[in-house]
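A.B. asks: Note that the sequence shown covers residues 422 to 499 in our numbering.
Ideal Cβ positions, reconstructed from N, Cα and C, are used throughout, including at glycine.
Below: one structure in structure tokens.
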Amino acid sequence: MEGDIAQMGAFIGAGLASVGMGGAAVGVGNVVGNFLSGALRNPSAAGAQTATMFIGIAFAEALGIFSFLVALLLMFAV
């Protein structure tokens with residue numbers, strides 16, 4: 422009985438940790454959307470800002486990968 426409750430808690434925690442992956446997707450969309458908005462307003466400066474956009478995407482995706490790792494640890498480390 423106690424093992425079932427612990428496993429249930431691990432699955433609930435993994436589901437809550439998975440919300441971070443959705444947040445990372447929203448973050449990447451926000452970064453790219455703002456870049457495209459700025460690039461359409463000033464196309465001559467868009468080339469210089471492309472590297473900055475990729476750095477922002479990498480940071481947002483790193484948070485998503487971290488939440489995925491936490492979810493896996495919660496599911497399989499019990």
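Closer than 8 Å is the cut-off here; do at least three beta carbon pairs connect the stretch 423-434 with the stretch 451-471?
C.D. replies: Touching, no, given that fewer than three Cβ pairs across the two stretches are closer than 8 Å.
A.B. asks: Does DSSP classify residue 458 as helix, strand or coil?
C.D. replies: helix
A.B. asks: So, with DSSP's three-state summary, where would you put residue 451?
C.D. replies: helix
A.B. asks: Select from 440, 498, 468 and 451 the residue whose C-alpha is nearest the C-alpha of residue 486.
C.D. replies: 440
A.B. asks: Hey, quick one: how far does the alpha helix (DSSP H) through residue 465 stretch, first residue to last?
C.D. replies: 464-497
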